[in-house]
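Student:
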Amino acid sequence: MLIKFSTHRIAIIITFICITFLTYYHWDKSRKIKKNCKVFKFQAKESYLAHLLLDNLQGIEIGGSLHNPFCLNTINVDFTNQSTIYKEAEKRFSGGNYLNVDIVASGDKLPFANETYDFVISSHSIEHFYDPIKTIEEWLRVIKKGGYIFMIIPHKERTFDKPKNRTTLKELILRHRNPDPNFVDDHGHHTVWITEDVMELCRNRNWKVAAMLDTDDKVANGFTIVIQKE
């Protein structure tokens, strides 16, 4: 009994040391890993999972916002640097400011060469694209092998999308194969998902899911899917 108790105590101590080390390693503020991140009271907390996977890598953020930062080494890509309803909402959350746009480009047509970045990250962005299959394929194009696509996606049951019908895999495939020539993009939510819907899409497209959180670790009104390029 004494031996078992001692072994158990040793295991607890080792686990505590490991957790302490990982926490220090990933959150030590003296390390030069953070860009586009300022400490304001209005900012949402950062994602531990994003830091765990993406610290010290170079990536692209699609539609970044000042009030919801990831604090990673990224450039911010947005479809415009002009005032939009989303920028105005960001300013309301952020004391009249918004995150600088580094590159003006459509998120599904990026002006970068193949395999030039380590990751693409987005929060509440992929649902704004009419053809998310095309968009994710474009993100896969610009990241290196072994790189990541990190997405926080609004969950139907935890956002204003709750009254809407979920978007089916069949509909997504139809949009991808036969785009509507009369479609006018209002940059709203074109797709409504729960976690399993995106997992189903990943299986259909043979995209490797490296990590998944049914409730994201930032604002908690969405879910997280991380795809790794093979």
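When we follow my numbering, the leftmost residue of the sequence shown carries the number 133, and every step to the right adds one. C-beta: ideal position from N, C-alpha, C; glycine also.
#1: If we ignore side chains and look at the alpha-carbon of each, how far apart do Ala352 and Met283 end up?
#2: In terms of residue numbering, what span does the beta strand (DSSP E) encompassing Thr267 cover?
#3: If I follow the unbroken alpha helix (DSSP H) through Tyr218, where does it start and stop?
#4: Answer with buried or exposed for Val274, where buried requires no fewer than 16 other C-beta atoms within 10 angstroms of its C-beta.
#5: Can you confirm whether the segment 261 to 277 touches the segment 309 to 329 when touching is taken to mean that 3 or more C-beta pairs between the two stretches lie within less than 8 Å?
#6: Indicate the three-state DSSP secondary structure (helix, strand or coil) for Lys288 in the structure shown.
#7: Return the first residue and the last residue of the beta strand (DSSP E) that Asp250 is part of.
#8: For Val358, which residues from the same chain have a beta carbon less than 8 Å from its beta carbon, with the 5 sequence-adjacent residues on both sides left out?
#9: Should the segment 242 to 255 be called in touch with the segment 213 to 224, which here means at least 3 C-beta pairs below 8 Å?
#10: Quick check: the Cα distance between Tyr249 and Leu189, rounded to an integer number of angstroms?
#11: Leaving out the 5 sequence neighbours to the left and right, which residues in its chain are closer than 6 Å to Ala237 when beta-carbon positions are compared?
#12: Quick one: is Ser226 buried, meaning 16 or more other Cβ sit within 10 Å of its Cβ, or exposed?
#13: Looking only at its chain, what residues have a beta carbon closer than 6 Å to the beta carbon of His260, apart from the 5 residues adjacent to it on each side?
#14: With C-beta atoms as the reference, is Asp258 less than 7 Å away from Ile285?
#15: Taking the alpha-carbon positions, what's the Lys173 to Asp348 distance?
#16: Using the DSSP secondary-structure output, state which residues sit across from Tyr280 in a beta bridge.
#17: Could you tell me if Ile194 is buried or exposed, where buried requires 16 or more neighbouring beta carbons within 10 angstroms of its beta carbon?
Tutor: Based on what the coordinates show:
#1: One-based indexing of the sequence shown puts residue 352 at position 220. One-based indexing of the sequence shown puts residue 283 at position 151. Between Ala352 and Met283, the C-alpha separation is close to 13 Å.
#2: For the purposes of this step, residue 267 is taken as the residue at position 135 of the sequence shown. Per DSSP, Thr267 lies in no beta strand (DSSP E) segment; the continuous alpha helix (DSSP H) that holds it begins and ends at Pro264 to Val274.
#3: Locating residue 218 in the sequence shown gives position 86, counting from the first residue. Looking at the DSSP string, the run of the alpha helix (DSSP H) that includes Tyr218 is Ile217 to Phe225.
#4: Taking the sequence shown and counting its residues from 1, the one referred to as residue 274 is at position 142. Classification for Val274: buried.
#5: Contact check between the segment 309 to 329 and the segment 261 to 277: three or more CB pairs, one atom from each, fall below 8 Å, which counts as touching.
#6: In the sequence shown, the residue the question calls residue 288 occupies position 156. Looking at Lys288 - three-state DSSP - the assignment turns out to be helix.
#7: Counting from one through the sequence shown, the residue named residue 250 turns up at place 118. Per DSSP, Asp250 belongs to the beta strand (DSSP E) from Tyr249 to Ser255.
#8: For the purposes of this step, residue 358 is identified with residue 226 of the sequence shown, where counting begins at 1. Excluding positions up to five away in sequence, the list reads Leu181, Leu185, Tyr280, Ile281, Phe282, Met283, Val341, Ala342, Ala343 and Met344.
#9: Not touching, per the Cβ criterion.
#10: In the sequence shown, counting from the first residue as 1, residue 249 sits at position 117. In the sequence shown, counting from the first residue as 1, residue 189 sits at position 57. Their Cα atoms are separated by approximately 8 Å.
#11: Indexing the sequence shown from 1 puts residue 237 at position 105. The answer, listed in chain order, is Val209 and Pro243.
#12: Position 94 of the sequence shown, counted from the start, is the residue given in the question as residue 226. With 16 or more Cβ atoms within 10 Å of its Cβ, Ser226 is classed as buried.
#13: On the sequence shown, residue 260 is found 128 positions in, with the first residue counted as 1. Same-chain partners within the cutoff: His319.
#14: Residue numbering aside, residue 258 sits at position 126 when the sequence shown is read from its first letter. Residue numbering aside, residue 285 sits at position 153 when the sequence shown is read from its first letter. Before going further, note that residue 258 is Ile rather than Asp in the sequence given. One thing to note: Ile258 has its Cβ within 7 Å of the Cβ of Ile285.
#15: Reading the sequence shown from its first residue, position 41 is the one you call residue 173. Reading the sequence shown from its first residue, position 216 is the one you call residue 348. Computed Cα separation, rounded: 20 Å.
#16: Translated into the one-based positions of the sequence shown, residue 280 becomes position 148. In DSSP, Tyr280 forms a bridge with Phe251 and Gln360.
#17: Here residue 194 refers to the residue found at position 62 when the sequence shown is read from its first residue. So Ile194 ends up on the buried side.
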